[in-house]
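Asks: Residue numbers (my numbering), protein chains in the order written: chain A, 1 to 264; chain B, 1001 to 1781.
Virtual Cβ for every residue (Gly too), placed ideally from N, Cα, C.
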Amino acid sequence: MKTLNYFLILILTFSAKDINAQVVPGYLGKKNSFNYQLNVSPAVIGPNQVDKTSWFSYDTYPKTKESSFITPFNFTHSFNFQRVISRKIAINFGYGFFTTRQYVNLLVNDVIYTQNNYLLENIGYNIINKNFNLSATFYRGRAIAPFGAYWRLGLSYGINKTIFDNDNPKLIDHTEVNYYYYSLPPELKFNISDQNLNFKSILFNVTYGKSRIFKKCIIFNRGLNFTLTRSLIAASNSEMVNQTKKRLRGHELFSFYVSVGYLF
Amino acid sequence: MTKKTLIKLFLLFCLELLIINIGYSQAPSFKGLEKEYSPIVSKGLLPEIFTKSATEKTYEEYQKIEKKSKNKTDQKQFYLESNFYLDRVIKSGLILFNDTISQFVNSVLDEILKTKPELRNHLKIYVVKSDVVNAYCFDNGIILVNMGLISQLENEAQLASILCHEVSHFTKKHSMESFVNYQNMRRGKISSHGFDEFKYSQKSELEADNEGVLLYKTTNYSYKGINGGFNLLKYSYLPFDEVEFKKSFFEDSNFVFPKDYFLAETAPINDNEDIDDKRCTHPNIKKRKESANATLGSIDDTGRQKFIVGQNQFYYIRELARFELCKLELIEREYIPCIYNCYLLLKKYPNNVYLKECIAKSLYNIAAVKSPTKDGYKEMDKLDLIDSRDGSTIDTDHYKKEGFIQQVYHLFNKLNATQSAALSLHFNLKQQQSNVNNKLFPTLVDSSIVLLAVNNGIDYNYFEKETKQNYLAQLKVKAGVNTDTNTSNKTNQSTLANLNDDDENSRVKKIEKENARKELDQSKKNLIVQEEKSFEKFALVNCFKKEEVETKFIAAQKLRDQIELIEENRKYYKKKKNRGGLGIDTILIMNPFYYCLDERKENKLKYISSNLKLLRYFNTLTYCADKAKVNYKTVNFNNFGTNDMDLYNDYVLINDWKEEFLNHDFNSNSLVLNNQTAQHIREKYNTNYILYNGIVNYRVKKENVGYAVLLTLAVYPAIVTIPYLLRKEEYTYYFSVLYNLKNNRVEYYNREGLKSSDSEDYLNAFTYNTMINIKQKPKFK
Chain A
1 MKTLNYFLIL ILTFSAKDIN AQVVPGYLGK KNSFNYQLNV SPAVIGPNQV DKTSWFSYDT
61 YPKTKESSFI TPFNFTHSFN FQRVISRKIA INFGYGFFTT RQYVNLLVND VIYTQNNYLL
121 ENIGYNIINK NFNLSATFYR GRAIAPFGAY WRLGLSYGIN KTIFDNDNPK LIDHTEVNYY
181 YYSLPPELKF NISDQNLNFK SILFNVTYGK SRIFKKCIIF NRGLNFTLTR SLIAASNSEM
241 VNQTKKRLRG HELFSFYVSV GYLF
Chain B
1001 MTKKTLIKLF LLFCLELLII NIGYSQAPSF KGLEKEYSPI VSKGLLPEIF TKSATEKTYE
1061 EYQKIEKKSK NKTDQKQFYL ESNFYLDRVI KSGLILFNDT ISQFVNSVLD EILKTKPELR
1121 NHLKIYVVKS DVVNAYCFDN GIILVNMGLI SQLENEAQLA SILCHEVSHF TKKHSMESFV
1181 NYQNMRRGKI SSHGFDEFKY SQKSELEADN EGVLLYKTTN YSYKGINGGF NLLKYSYLPF
1241 DEVEFKKSFF EDSNFVFPKD YFLAETAPIN DNEDIDDKRC THPNIKKRKE SANATLGSID
1301 DTGRQKFIVG QNQFYYIREL ARFELCKLEL IEREYIPCIY NCYLLLKKYP NNVYLKECIA
1361 KSLYNIAAVK SPTKDGYKEM DKLDLIDSRD GSTIDTDHYK KEGFIQQVYH LFNKLNATQS
1421 AALSLHFNLK QQQSNVNNKL FPTLVDSSIV LLAVNNGIDY NYFEKETKQN YLAQLKVKAG
1481 VNTDTNTSNK TNQSTLANLN DDDENSRVKK IEKENARKEL DQSKKNLIVQ EEKSFEKFAL
1541 VNCFKKEEVE TKFIAAQKLR DQIELIEENR KYYKKKKNRG GLGIDTILIM NPFYYCLDER
1601 KENKLKYISS NLKLLRYFNT LTYCADKAKV NYKTVNFNNF GTNDMDLYND YVLINDWKEE
1661 FLNHDFNSNS LVLNNQTAQH IREKYNTNYI LYNGIVNYRV KKENVGYAVL LTLAVYPAIV
1721 TIPYLLRKEE YTYYFSVLYN LKNNRVEYYN REGLKSSDSE DYLNAFTYNT MINIKQKPKF
1781 K
């Protein structure tokens, strides 16, 4: 799959040369750029905080070993290659990734004694997303690509992977009426990895940004990004799956971004 | 023959020569100007004011300001504005130096200040190529005298009196004083009611008059020069001479204008000196004369002269100024004054080709302006004072329409598009015949034919081949004016219906006679109208190379048919679109312009930063040209050194061409006729293209700052609001025009505007885009 993506990028890059039917000035003749982009989301929906359950709440989650989420922001990192194909249009190929965190309370039924419910409280897990992005940038007004204000429309293909803090979380009896047993059967174990959370997703993003060029070769972009995420997984009753999908949507929905790149 | 008689004859001959010379001594004609005239150019080394930047000059003048001065800020602003204004005048390429006229004007100033060498050293005098009758003095001692003023002078003393006035402005520091007064008035520090601004200006002018008169008194110039100078200003709106314009100038035996195309009498010239001067910067002439007389007191003119530097020299430079005036009027598109001035000069120099060329160019462009354009645009009537919409009357209230020049205005108001084009063709054909080697007249003949055939829809058959006399005879026959044939026809008829009573006194006979008389009168009237209205039909009767003209007409008719076909099928006809560039290899880059404005401030134009950015931008321009691999040569005023006189003269020529070009409406049929200039530049720089670039950046007041601050307090919006608060609210516009000198067209025009600062990346992006558009080969789709 990875090899196929690289090939796709290469083919599109060189085919862009043939699209060139009109004057394509680029910036001082430079039409390609490679940049690193950092998206920062205020994470209004589902903040990535270790302590607060929501942005507007004072309730806190228990402390964990995770220490990467020390700010109330979500971050997405990406590396992009851009090629100017006309005075107003550029195409971009990107590879991005982000890690986002989720806590879920899960109610589990005993497999043998179905009347019994167990609560898995505050299951913490990281969702790692890697995505391949193809987008077209349309420069606004009198701007000349790759300089000036622009709208960018993009489509990404994302691969999500989930890593739980603890594969065998402690089960707490949550049975409301327990007639038969007085205590938890010690042999009952719950393997959380069995939850199918490694699904694919498609992200459609719209970006409004501005780019500036310094020292004739350093390109600096800034702007706003809106992303709609569609998870490629069948509808499920699982609370965990729904929460994960929500988390992914929330992470990417709205973000500010800055990028620094080299123009050549 | 005895020796005595021989001596007598010789003496008589000498006396006759003397009389002839005395007769022409007032306005001699000059041999060098009899056939040709070459426009004046500057010579020698470039003066310091041309090579030193305005910023440098300003900083130097800042040193003059006293530290304890009350109006320090105003004085700084004054130096800044006056230096940059002077810089703009210099860069317009209109200033002449070291030429014959400038040298003479300098000599007159030397003569005035021969007892005051220190003051003389502070003053520098230059001639400006402007047709406006004016002279002005800058605070740094630079006096500019317009060509229009020199052309109207009658003697050297008049020039001396005007220069004395200007020198007094310098010694009294009037320009600084009026600037500070104006600033104070604006701020309310000194009272200002109604036209007080003009009052202060008039006060300074009267003071300069009085001081000037006192300075004039120290010279040996005749006091007549003072009154003469005032009279010159009084009639400055008139041409340099008053000679009746005769319609025969454009006519021949067949091509004759109708009587009503000429006025029986032209409007009298207003000689009122006591005009209302409430809204004038200068007091009226009456007040000025009275004030000067009061200052002078009783005077004795004995021993004083009208000419000191040289009478012949004076007449020569005045003649040059008058010749130059014709060119300036052509550039300014003031065709009617140009025709009249050439007419005046042709009286003296009947064989001068330059003057005939000026008339030919004017005639063609008048016709071009009046003719409809083929692209369906409305008639272009942008010509000064020619109203082609009604084309009948002239506004007699207009100040220029006094005296004999009114006749010319009237004529061209009467002429319609076809008649104007026919006049242009007629005149150019006549000149082509008498100046066989000239290249301009055949070009204008061709252009006039195209104008007639394509724009006015006139065929060759429209023009009469017969002489006017024969044509009229035929018309008479057609109209039945010949009563004898009528009556004889009638008498021969002997049908019963026509067989009336023979009695002459019968009522029927009387009615018949009366009707016949009325019919005859009407025919005569129609004949006269037809004869007069169709005078342009005879433009080609006496023409030179008739067959050639016919061939050209037929070619133009074919062209017209093609254009009409294209216009009819316009909606089906798709022009091939160029998706590429222009494919131009070599260009000539002229010095760009750069204006930084700040709308929030009282003094909006940021002079010094504009100047510094301009210098930097020129480097960007050449860098981008290099990057785009465009071959270029530069004529940049800002880089001129003392020895760059050739470059300066080229710069002036290009500016003249550009000025004339820009004065034309792009959609009109007019031609830019400064072609000889263009030819010289094209050959010298080996390119047909000149590039002008410019940047305008302006900063405006930021709105909604309060809301932004409030939003910042809500943490998240700060990501947007903080950059908004930190960013300057600026707009930057980029202009780029590529002119084609060969076909007088704008080959490429680009205007870009962004809400952005004038950062390096912005300028690089747009400038490079221009260069790449110039360089890349065309790709038609």
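1) Please confirm if residue 70/A has its CB atom under 9 Å from at least one CB of chain B.
2) Would you mind reading off the limits of the alpha helix (DSSP H) that contains residue 1617/B?
3) State the Cα-Cα distance for the pair residue 1261/B and residue 1091/B, rounded to the nearest angstrom.
4) When you compare each of 1624/B, 1301/B, 1695/B and 1637/B to residue 1769/B by their alpha carbons, which one comes out closest?
5) Select from 1649/B, 1681/B, 1054/B and 1755/B the residue whose C-alpha is nearest the C-alpha of residue 1099/B.
6) To the nearest angstrom, report how far apart residue 1109/B and residue 1042/B are at their CA atoms.
7) My output table needs one value for residue 1694/B: the three-state DSSP class, helix, strand or coil.
8) In three-state terms, what does DSSP make of residue 1107/B?
9) Near residue 21/A, which residues of its chain fall below 7 Å by C-beta distance, leaving aside the five closest residues on each side in sequence?
10) Based on DSSP bridge pairs, tell me the residues matched to residue 1752/B.
11) Give the secondary structure of residue 1278/B by DSSP, where H, G and I count as helix, E and B as strand, and everything else as coil.
12) Under 8 Å: do the stretch 1223-1231 of chain B and the stretch 1150-1166 of chain B share three or more Cβ pairs, one atom per stretch?
13) Check for me: the beta strand (DSSP E) holding residue 77/A runs from which residue to which?
14) Given this structure, state the Cα-to-Cα distance separating residue 1126/B from residue 1112/B, to the nearest angstrom.
15) Determine whether the beta carbon atoms of residue 1317/B and residue 1105/B lie at a separation below 9 Å.
16) Under DSSP, the beta strand (DSSP E) around residue 1373/B begins and ends at which residues?
17) Counting Cβ pairs closer than 8 Å, one from the stretch 1406-1420 of chain B and one from the stretch 1321-1340 of chain B, do we hit at least three?
18) Taking just the CA atoms, how far does residue 1297/B sit from residue 1212/B?
19) Beta-carbon separation of residue 1039/B and residue 1097/B under 9 Å?
20) Considering residue 1598/B, what are the terminal residues of the beta strand (DSSP E) in which it resides?
21) State the Cα-Cα distance for the pair residue 1136/B and residue 1450/B, rounded to the nearest angstrom.
22) Does DSSP put residue 1663/B in a helix, in a strand, or in coil?
23) Of the residues 1229/B, 1281/B and 1354/B, which one's Cα is nearest the Cα of residue 1032/B?
24) Report the three-state DSSP secondary structure of residue 265/A (helix, strand or coil).
25) Report the neighbours of residue 1765/B on chain A: residues whose CB is nearer than 7 Å to its CB, in chain order.
26) Could you pull out every residue in the same chain whose Cβ sits closer than 8 Å to the Cβ of residue 1717/B, ignoring the five residues on either side in sequence?
27) Can you tell me whether residue 1101/B is buried or exposed, with buried defined as 16 or more other CB within 10 angstroms of its CB?
28) Got a sec, what are the start and stop residues for the alpha helix (DSSP H) residue 1448/B sits in?
29) Could you give the first and the last residue of the continuous alpha helix (DSSP H) run that contains residue 1424/B?
30) CA-CA distance, residue 209/A and residue 1720/B?
31) Using a threshold of 8 Å, is the CB atom of residue 1684/B nearer than that to any non-hydrogen atom of the ligand MN?
32) Considering Cα atoms alone, identify which of 1477/B, 1149/B and 1173/B is closest to residue 1130/B.
33) Using a beta-carbon distance cut-off of less than 7 Å, what residues from the stretch 1703-1737 of chain B approach chain A?
34) On a CA-only basis, which of 1696/B, 1656/B and 1697/B is nearest residue 1680/B? Give me that one, please.
Replies: The answer reads as follows:
1) At residue 70/A, the pLDDT of 44 sits below 50, so the modelled position is not reliable and the matter cannot be decided from this model.
2) Element bounds for residue 1617/B: 1607-1627.
3) Approximately 43 Å, taken between the alpha carbons.
4) Minimum Cα distance to residue 1769/B is reached at 1624/B.
5) Measuring from the Cα of residue 1099/B, the nearest candidate turns out to be 1649/B.
6) Rounded to whole angstroms, the gap between the alpha carbons of residue 1109/B and residue 1042/B is 19 Å.
7) If DSSP states are grouped into helix, strand and coil, residue 1694/B belongs with the strands.
8) Residue 1107/B: helix per DSSP, three-state reduction.
9) Because the pLDDT at residue 21/A is just 43, under 50, the model does not fix this residue reliably, and the value given afterwards should be weighed accordingly. Counting only Cβ-Cβ distances below 7 Å, and skipping sequence neighbours, we find nothing.
10) Bridge partners of residue 1752/B: 1734/B.
11) It is coil, neither helix nor strand.
12) Contact between the stretch 1223-1231 of chain B and the stretch 1150-1166 of chain B is present: 3 or more CB-CB pairs across the two stretches fall below 8 Å.
13) Its beta strand (DSSP E) spans residues 74-84.
14) Taking the straight line joining both Cα atoms gives about 16 Å.
15) Yes, these two residues count as a Cβ contact at 9 Å.
16) For residue 1373/B, there is no enclosing beta strand (DSSP E), as DSSP gives it neither H nor E.
17) Yes: the two stretches touch, three or more of their Cβ pairs being nearer than 8 Å.
18) When only Cα atoms are considered, residue 1212/B and residue 1297/B end up about 14 Å apart.
19) Cβ distance not < 9 Å, so residue 1039/B and residue 1097/B don't count as in contact.
20) Membership of residue 1598/B in the beta strand (DSSP E) is indicated by the continuous run 1593-1598.
21) Approximately 45 Å between the Cα atoms of the pair.
22) DSSP places residue 1663/B in helix when its eight states are reduced to three.
23) Nearest C-alpha to residue 1032/B: 1354/B.
24) The displayed coordinates of chain A run from 1 to 264. Any statement about residue 265/A would go beyond what the structure contains.
25) Taking the beta carbon of residue 1765/B as reference, the chain A residues within 7 Å of it are 27, 144 and 147, listed in sequence order.
26) Here the set comprises 1711.
27) Residue 1101/B comes out buried.
28) Note, residue 1448/B: alpha helix (DSSP H), 1440-1450.
29) It spans 1417-1434 - the alpha helix (DSSP H) in which residue 1424/B sits, taken as one unbroken run.
30) So the alpha carbons of these two residues sit roughly 12 Å apart.
31) No copy of the ligand MN appears in this structure; indeed no ligand is present at all.
32) The candidate whose alpha carbon is nearest that of residue 1130/B is 1149/B.
33) For the stretch 1703-1737 of chain B, which is checked against every Cβ of chain A, the residues closer than 7 Å are 1716 and 1719.
34) Its Cα nearest to that of residue 1680/B, the residue 1656/B stands out among 1696/B, 1656/B and 1697/B.
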